[in-house]
């Protein structure tokens, strides 16, 4: 089975994020990056399926040269090879442009299953997996908490508010996995050493057959108008227990519709 | 001249940091308070292959250099942990690798690489022979196809956490030797099946390094477990000293960084007399000075490691790295303790634990006085000072 994982490499959790006031985009150049933990879960799921059923796992990512360390991380975990979409022209792509690029890169590989995180941990849009599935013409199966493959059929447990839905799909398909689907493995030292010998194919937008006006800032249909800080947290409500504290808390939870 | 680490070395640093995060301060604090062995940590590192960094690929390791190995150990100490608990598993096998025969290497190295066998005890020091290793009195007497070991060792760590131990023992009486550096031999002692009486008495020390006194009473070692030539053991252990000194220097640098980061953070947050204590030069400058000294020692450490990996002579650099790094770490430890005031003595702040740990590095595996004696005599050509 040929598995493609679309995963993002993002500024490391230790980095204080800065926003460029002119582009209104996150400053990524010169910043330490790491494989998004959500993407690491997607890679892990791909590796587990490949270990069980045989096959390859290819990571596809898009980003500046700083993301190489995250690609190497996925390769060190055990991914077979990687594709890096590296092109100044794709900077500022919106979700649709990103999905077009990723789908075009996926089409260059043989694939039975595409695995994505539900959303990245830096921009949280959550719509790229569905858009990729659209461009690939395969069914998107989302919020997966468990994936099982049986021949050409895939079954997932789809997390819902009240429990799980069991969803079946034929392959090829795209699955977006929920956070917590697994505990990503640490790379073995041998894996880190082996990763440097693994292939990373580098594509530009032109290599993928996408004209410059369809990708990057030029092709973006979404525009970030302003960026601001979230409102300061309001002071909390103090409940003094004088015999009916529990009831007050229950009333409060009912008021905000938690129960 | 390039002072930058390679991408691969940077990745090694980042990955070992991630593994160490799973073992936070509270883990090490509890291990220390109970005088336990950090089994889960050592097992995790073994499973992931980190302790097989120096074992060649043909024996199941990754065949990395001292530079990479030193980065691994540095980051363990930098994370708040104690690399000493497992560093010997990484490098004790060097004596076997350099001087063992093919059969010995094939028998032991792959299992050491996988962690199935632990070789992390090296019996050298004796009550009457500390720094003067050529004076050891424990004997190995050949009887047919085996040696009988009799004598006593002290300050031997992790014997109870090892399957194998390397042992330096006397095979020719001292008085019969013209060359006093000869007459000692190195053996692999399989602790799982050693016949005879071997008594292991744990020592109660300031640090939790699982250290023991050993009493050998007719312990049998098969003759095939002799490493290299009989009588050449002292030369063999000397061969491992440069590597050990570089690795210990890196551990000290990891400690130094831990102390400086904790001190700088506390100094910036702790408010006394209406302002952070770090705004007082009396607090800030010792931390800054220790930082400069740790960074300077780090440069010598990388110089030593680079020369070692290029197979160039590096005795002076390895010794200087150990000296400078252990002193810089100790300076940082004191700055950190002073910065924390009374809280520095509180177990829950971890400063006192690291303070005890890092003090050892000025004394072991070689006293800094002997490092100075080496530099004075062998590098600067002055008369022998001891």
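Residue numbers (this note's numbering), protein chains in the order written: chain H, 410 to 668; chain S, 668 to 1053.
We treat Cβ as the ideally placed atom computed from N, Cα and C, and that holds for glycine.
Cβ of residue i within 8 Å of any chain S Cβ
i                      : result
residue 598 of chain H : yes
residue 473 of chain H : no
residue 481 of chain H : yes
Proximity test, Cβ basis, 8 Å: residue i and chain H
i                      : result
residue 716 of chain S : yes
residue 755 of chain S : no
residue 734 of chain S : no
residue 720 of chain S : yes
residue 729 of chain S : yes
Where residue i meets chain H, residues with beta-carbon distance less than 7 Å
i                      : result
residue 679 of chain S : 601
residue 675 of chain S : 605
Residues bridged to residue i (per DSSP)
i                      : result
residue 636 of chain S : Here chain S comprises residues numbered 668 to 1053, so residue 636 of chain S is not present and cannot be evaluated.
residue 600 of chain H : Answer by DSSP bridge pairing: none, since residue 600 of chain H is not bridged.
residue 442 of chain H : H/420
residue 471 of chain H : H/494
residue 557 of chain H : H/564
residue 942 of chain S : S/939
residue 411 of chain H : H/465
residue 525 of chain H : H/415 and H/585
residue 793 of chain S : S/796
residue 808 of chain S : S/815
residue 669 of chain H : As displayed, chain H neither begins before 410 nor continues past 668, which places residue 669 of chain H out of reach and without an answer.
residue 852 of chain S : S/836
residue 648 of chain H : Paired residues: none, contrary to the question.
residue 573 of chain H : H/568
residue 869 of chain S : S/879
Within chain H, the residues that residue i reaches when beta carbons sit closer than 8 Å
i                      : result
residue 686 of chain S : 595
Contacts that residue i makes with chain S (C-beta to C-beta distance below 9 Å)
i                      : result
residue 438 of chain H : The premise fails here: residue 438 of chain H is roughly 17 Å from chain S at the closest Cβ pair, so nothing lies under 9 Å.
8 Å Cβ cutoff met for residue i and residue j
i                       : j                       : result
residue 921 of chain S  : residue 852 of chain S  : no
residue 1019 of chain S : residue 1008 of chain S : no
residue 692 of chain S  : residue 747 of chain S  : yes
residue 976 of chain S  : residue 733 of chain S  : yes
residue 832 of chain S  : residue 856 of chain S  : yes
residue 418 of chain H  : residue 445 of chain H  : yes
residue 467 of chain H  : residue 491 of chain H  : yes
residue 524 of chain H  : residue 454 of chain H  : yes
residue 903 of chain S  : residue 1005 of chain S : no
residue 625 of chain H  : residue 498 of chain H  : yes
residue 858 of chain S  : residue 884 of chain S  : no
residue 771 of chain S  : residue 913 of chain S  : no
residue 586 of chain H  : residue 526 of chain H  : yes
residue 813 of chain S  : residue 890 of chain S  : yes
residue 633 of chain H  : residue 584 of chain H  : no
residue 718 of chain S  : residue 753 of chain S  : yes
residue 665 of chain H  : residue 659 of chain H  : no
residue 684 of chain S  : residue 742 of chain S  : yes
residue 958 of chain S  : residue 927 of chain S  : yes
residue 816 of chain S  : residue 886 of chain S  : yes
residue 486 of chain H  : residue 456 of chain H  : yes
residue 744 of chain S  : residue 918 of chain S  : yes
residue 544 of chain H  : residue 568 of chain H  : no
Burial state of residue i (16 or more Cβ within 10 Å)
i                       : result
residue 463 of chain H  : exposed
residue 507 of chain H  : buried
residue 521 of chain H  : buried
residue 787 of chain S  : buried
residue 933 of chain S  : buried
residue 987 of chain S  : buried
residue 533 of chain H  : exposed
residue 471 of chain H  : buried
residue 480 of chain H  : buried
residue 1017 of chain S : buried
residue 980 of chain S  : exposed
Contacts of residue i in chain S (Cβ-Cβ under 8 Å)
i                      : result
residue 478 of chain H : 674, 677, 678 and 681
Closer than 7 Å: residue i CB and nearest the ligand NAD heavy atom
i                      : result
residue 853 of chain S : Summarising the ligand content, the structure contains no ligands, and the ligand NAD is consequently not present.
Below-8 Å beta-carbon distance, residue i vs any chain C residue
i                      : result
residue 467 of chain H : Chain labels in this structure do not include chain C; the protein chains are H and S.
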